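Asker:
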Amino acid sequence: MTPVFRAALALAILACCLADPVPKNDIRWCTISDAEFKKCLAFKEAVKDCKLSCVSRTSTHACIKSISEYEADAICLDGGHIYDAGLAPHNLKPIMVEDYGNEKETDTCYFAVAVAKKGTDIKFTDLKGKKSCHTGLDKTAGWNMPIGTLIEQNQITWTGSDDEPLQRAVSKFFSESCVPGAKEANLCSLCKGKGEHKCSRSDNEIYYNYDGAFKCLEEGSGEVAFVKHTTVPAEKADMFELLCPDGTRKAISEYKECNLGRVPAHAVVTQSSGEKTEAIRQCLEKAQAEYGSQGKSFHLFSSPDGRKDLIFKNSANRLIRLPDSMDASLFLGTGYYNAIQGLRRTSSIIPSKSNKVYWCTLSKAEEAKCDAWSAVSGDAVGCKSGTSVDDCIKKIQRREADAIALDGGYMYTAGKCGLVPAMAEFYDTGDKSACKTKGSTAKGTYYAVAVVKKSDTDINWKNLKNKKSCHTGKDRTAGWIVPVGHLSKDCKFDVFSESCAPGADPNSKLCALCVGNPGLKGEESKCQANSKELYYGYSGALRCLVEAGDVGFMKHTTISENADGANPAGWAKDLKSSDFELLCLDGSRAPPSKYQECNLGQVPAHAVMTLPEKRAQVLQALLNQQSLYGRDGVENDMFQMFGPNKDGKDLIFKDSTQCLLPVPTETSTESFLGADYHRAIASIKDCSPGSDLISACTFHSCS
Numbered sequence: 037m038t039p040v041f042r043a044a045l046a047l048a049i050l051a052c053c054l055a056d057p058v059p060k061n062d063i064r065w066c067t068i069s070d071a072e073f074k075k076c077l078a079f080k081e082a083v084k085d086c087k088l089s090c091v092s093r094t095s096t097h098a099c100i101k102s103i104s105e106y107e108a109d110a111i112c113l114d115g116g117h118i119y120d121a122g123l124a125p126h127n128l129k130p131i132m133v134e135d136y137g138n139e140k141e142t143d144t145c146y147f148a149v150a151v152a153k154k155g156t157d158i159k160f161t162d163l164k165g166k167k168s169c170h171t172g173l174d175k176t177a178g179w180n181m182p183i184g185t186l187i188e189q190n191q192i193t194w195t196g197s198d199d200e201p202l203q204r205a206v207s208k209f210f211s212e213s214c215v216p217g218a219k220e221a222n223l224c225s226l227c228k229g230k231g232e233h234k235c236s237r238s239d240n241e242i243y244y245n246y247d248g249a250f251k252c253l254e255e256g257s258g259e260v261a262f263v264k265h266t267t268v269p270a271e272k273a274d275m276f277e278l279l280c281p282d283g284t285r286k287a288i289s290e291y292k293e294c295n296l297g298r299v300p301a302h303a304v305v306t307q308s309s310g311e312k313t314e315a316i317r318q319c320l321e322k323a324q325a326e327y328g329s330q331g332k333s334f335h336l337f338s339s340p341d342g343r344k345d346l347i348f349k350n351s352a353n354r355l356i357r358l359p360d361s362m363d364a365s366l367f368l369g370t371g372y373y374n375a376i377q378g379l380r381r382t383s384s385i386i387p388s389k390s391n392k393v394y395w396c397t398l399s400k401a402e403e404a405k406c407d408a409w410s411a412v413s414g415d416a417v418g419c420k421s422g423t424s425v426d427d428c429i430k431k432i433q434r435r436e437a438d439a440i441a442l443d444g445g446y447m448y449t450a451g452k453c454g455l456v457p458a459m460a461e462f463y464d465t466g467d468k469s470a471c472k473t474k475g476s477t478a479k480g481t482y483y484a485v486a487v488v489k490k491s492d493t494d495i496n497w498k499n500l501k502n503k504k505s506c507h508t509g510k511d512r513t514a515g516w517i518v519p520v521g522h523l524s525k526d527c528k529f530d531v532f533s534e535s536c537a538p539g540a541d542p543n544s545k546l547c548a549l550c551v552g553n554p555g556l557k558g559e560e561s562k563c564q565a566n567s568k569e570l571y572y573g574y575s576g577a578l579r580c581l582v583e584a585g586d587v588g589f590m591k592h593t594t595i596s597e598n599a600d601g602a603n604p605a606g607w608a609k610d611l612k613s614s615d616f617e618l619l620c621l622d623g624s625r626a627p628p629s630k631y632q633e634c635n636l637g638q639v640p641a642h643a644v645m646t647l648p649e650k651r652a653q654v655l656q657a658l659l660n661q662q663s664l665y666g667r668d669g670v671e672n673d674m675f676q677m678f679g680p681n682k683d684g685k686d687l688i689f690k691d692s693t694q695c696l697l698p699v700p701t702e703t704s705t706e707s708f709l710g711a712d713y714h715r716a717i718a719s720i721k722d723c724s725p726g727s728d729l730i731s732a733c734t735f736h737s738c739s
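With the working numbering applied, the sequence shown corresponds to residues 37 to 739, in that order.
#1: Have a look at C294 and K154 and give me their C-alpha separation to the nearest angstrom.
#2: Taking only three categories from DSSP, how would you classify N245?
#3: Rounded to a whole number of angstroms, what is the C-alpha to C-alpha distance between K568 and L687?
#4: Which word fits D426, buried or exposed, when buried means at least 16 other C-beta atoms lie within 10 angstroms of its C-beta?
#5: Return the bridge partner residues of E134 from the DSSP annotation.
#6: Between which two residues does the beta strand (DSSP E) holding L696 run?
#7: Taking the runs of the beta strand (DSSP E) that are 3 residues or longer, which of them lie wholly in the segment 627-662?
#8: Which of the three DSSP states, helix, strand or coil, is assigned to T734?
#9: Flag this pair as yes or no: are the beta carbons of A537 and K510 separated by less than 8 Å?
#10: Taking 8 Å as the threshold, find out whether the segment 216-224 comes into contact with the segment 184-196 through three or more Cβ pairs.
#11: Under the DSSP definition of a beta bridge, which residues are partnered with N295?
#12: Relative to the alpha-carbon of L729, which residue among M181, F367 and L128 has its alpha-carbon at the smallest distance?
#13: For A657 and V393, which I take to be in contact (beta-carbon distance under 8 Å), what is that distance rounded to the nearest angstrom?
#14: According to DSSP, simplified to helix, strand and coil, what is G418?
#15: Excluding five sequence neighbours on each side, which residues of the same chain lie with their C-beta closer than 7 Å to the C-beta of G445?
#16: So, under 8 Å CB-CB, D363 and K129 are touching, yes? Tell me the CB distance rounded to an integer number of Å.
#17: Please classify V304: is it buried, with 16 or more other beta-carbons within 10 angstroms of its beta-carbon, or exposed?
#18: Could you tell me the boundaries of the alpha helix (DSSP H) in which F708 lies?
#19: Quick one: what's got a C-beta closer than 6 Å to R434's C-beta in the same chain, skipping five residues either side?
#20: Cα separation between C52 and R317?
#21: For Q632, does the count of other Cβ atoms within 10 angstroms reach 16, so buried, or fall short, so exposed?
#22: Rounded to whole angstroms, what is the Cα-Cα separation between K474 and F689?
#23: G588 and C506 - do their beta-carbons sit closer together than 8 Å?
#24: Apart from the five residues on each side of it in sequence, which residues of its chain come closer than 6 Å, Cβ to Cβ, to C634?
#25: Do S575 and N598 have their C-beta atoms within less than 8 Å of each other?
#26: Following the continuous beta strand (DSSP E) through Y463, name the residue where it begins and the one where it ends.
#27: In the DSSP assignment, what residue or residues form a beta bridge with P457?
#28: When the Cα atoms are used, what is the spatial distance from K430 to P519?
#29: Use the C-beta contact count for N180: other C-beta atoms within 10 angstroms, 16 or more gives buried, fewer gives exposed.
#30: Could you give the first and the last residue of the continuous alpha helix (DSSP H) run that contains Y483?
#31: Bridge partners of C66, per DSSP?
#32: Where DSSP assigns a beta bridge to N681, which residues make up the other side?
#33: Using DSSP with H/G/I as helix, E/B as strand and the rest coil, what is W607?
#34: Is it right to say N138 is buried, meaning 16 or more other beta carbons lie within 10 angstroms of its own, or is it exposed?
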């Protein structure tokens, strides 16, 4: 096809698009070469069920722009371009991913790792002046991931391509290297190719690619090799170790906990509005069902005329749907996202090295408290607003925020998304010695309880069927995970006639009792998992019980924090603790003061969650802040981190928090929650996944 004909056809398609709105099921695939355009036309002819047309652009970035401006609908991109496509103003999202695995096992990613010989004292945080082995210039595992990470950590001082070529900055960092394809002499000094082939980005260079970079390390030419997690042969694994970004070392088998980032497969992207998402997915699924294997006149995953990787990679075996909540940052993963961010630097504007910790808030009231905290923190604390816990988890992954305190149910989700506990709330008012003991190993816990009005004498734990229930929030510990674990069998949530479980489907009976907030005109508030719903949280669940429900699920201190004059709000000011009783699992009832004998379970404290690489910074900032504004802080007359607040209950931290205790460095979310409780959450999540953020965070399988 001549360029003139191709341009004419593209203009004709564009003219039709401008003349009338493009129907919802019509898909315009964006191509970046004559060969891709030709394959796209063959695709269109082969798959008649798809209303497919082909759009031609001069580059990948031109396609990204056209899709964001609704002049095209889809393109398949590599990780670096997915990063670009996900940024404003484009805001494209991945919807299907290439799978390079087989019928038994998917393969949509691999891990980039740094490897050193066992017995050496080299650390990732101390690589300056060392000898390095790389798979090749601009290759993901051997260059983009390690160099991007070193720039992100400010180990490599590089002010951007406007001021200095990246290769030169890297050559100044390592003493000697082999980076096949590089131009700087120092980056080729370790290479072993003969004559003109020395340092070539081909198999003519002995140290090229994964096996070559490992050979460079094994032979002693280099001290560190940047490869992928499957490079080190199993029979040699005991002689080598992984270098972790935090400066520690781990066994080769522990690559999931010690890597420079997960490198994803190529993915199909489209507009984040989602208007064409389902049509694109269905079209591609039809195409691969009929033309996904060889032997047909058209093959989706091959490239004609000796070409390679047209539209899709030749090595792809199929396309898999991604969860609806997937966005570019979740798809790429924190390590890859941050590495690409470092490599994209162009100017001398270097990210600030400030140690300010940005807290993610969930409501206007939390925002107000955070702003007050920030004002007195000495630039140690900043505030970022999130619309939900899931949104805050995403913000922390993207480094738009640093920390949030979560209960166990939400911690489970955060842990699946790569966050770790840094500090835990401690509640014991009877023994505060843990708050004053450096290195204390004490653990905060609280009790989940079921509460009823004392006047409803006929209600007990064994006859809750068809009663009206009030929950702190769907997926929260005391309000959902614990009671549902006791009440639900075989994933059937049919005990109650009506409920308010903020975060559930607003149209379901789990939200029937919720009231939203009539004062928020024009805003969707009913059953929202934030303070827009008046029945959200511990105090909200109690209010729901008072005004609408038969039983409420909350923590053991909720009654004392709202009754007997503790809460001046209109709905609570006349409440007395004696107005309520607890339901015991044996069918008896008890006063609120007997929570240790009458409860649904003792559960782990809320914890501050952050990224592993931010843990030390968050920990130090919070230790300093609570020494000033904690219960015994030297300046807590200016601001109180814990306890009642004029703007609301349990803002940022639970009101009953006495102090924050450090969580040991190696503690995972699973070990913090405890194996039994972690399994209980997992089983309930399997029954009722709700938000698919967990699916998005755990989607990739790296074979």
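Each residue gets a CB set at the ideal place from its N, CA and C atoms; glycine is no exception. Nothing here was measured: the structure is a model prediction, and the numbers come from that model.
Answerer: This is what the structure gives:
#1: C294 and K154 have their C-alpha atoms some 15 Å from each other.
#2: DSSP places N245 within a helical segment (H, G or I) once states are collapsed to three.
#3: Straight through space, the alpha carbons of L687 and K568 are spaced by roughly 14 Å.
#4: Looking at its Cβ environment, which holds 16 or more other Cβ atoms inside 10 Å, D426 is buried.
#5: Looking at the DSSP assignment, E134 forms a beta bridge with L355.
#6: Run containing L696: C695 to P698, per the beta strand (DSSP E) assignment.
#7: Secondary structure in the segment 627-662: the beta strand (DSSP E) runs of 3 residues or longer, each lying completely within the stretch, are 637-640 and 643-646 in chain order.
#8: The answer is coil: DSSP assigns T734 none of H, G, I, E or B.
#9: Contact annotation: A537 and K510 have beta-carbon atoms nearer than 8 Å.
#10: No, the segment 216-224 is not in contact with the segment 184-196.
#11: Answer is none; N295 lacks a bridge partner.
#12: Measuring from the Cα of L729, the nearest candidate turns out to be F367.
#13: The C-beta distance from A657 to V393 rounds to 4 Å, short enough to fall under 8 Å.
#14: If DSSP states are grouped into helix, strand and coil, G418 belongs with the strands.
#15: Excluding sequence positions up to five before and after G445, its CB lies within less than 7 Å of the CB of D511, R512, T513, W516, I517 and I717, all in the same chain and listed in chain order.
#16: The pair is a contact, with the Cβ atoms about 5 Å apart (cut-off 8 Å).
#17: It is buried - the Cβ of V304 has at least 16 other Cβ atoms within 10 Å.
#18: Element bounds for F708: T705 to L709.
#19: So the qualifying residues of the chain are S365.
#20: Reliability of the predicted coordinates at C52 is poor, the pLDDT of 43 falling under 50, and no value is obtained from them.
#21: It counts as exposed.
#22: A straight-line Cα-Cα distance of about 21 Å links K474 and F689.
#23: For the 8 Å CB-CB criterion, C506 and G588 form a contact.
#24: Excluding the 5 residues flanking it on each side, C634 has same chain C-beta neighbours closer than 6 Å at L618, C620 and A626, in chain order.
#25: Contact flag set, yes.
#26: That residue, Y463, is in no beta strand (DSSP E); it is neither H nor E in DSSP.
#27: Partner(s): M645.
#28: Each residue's Cα considered, the two are about 28 Å apart.
#29: The residue is buried, with at least 16 neighbouring Cβ atoms inside 10 Å.
#30: Where Y483 is concerned, there is no enclosing alpha helix (DSSP H), although the beta strand (DSSP E) around it starts and stops at T481 to K489.
#31: Looking at the DSSP assignment, C66 forms a beta bridge with V91.
#32: N681 is bridged by DSSP to G684.
#33: Reduced to three states, the DSSP call for W607 is coil.
#34: N138 should be labelled exposed.
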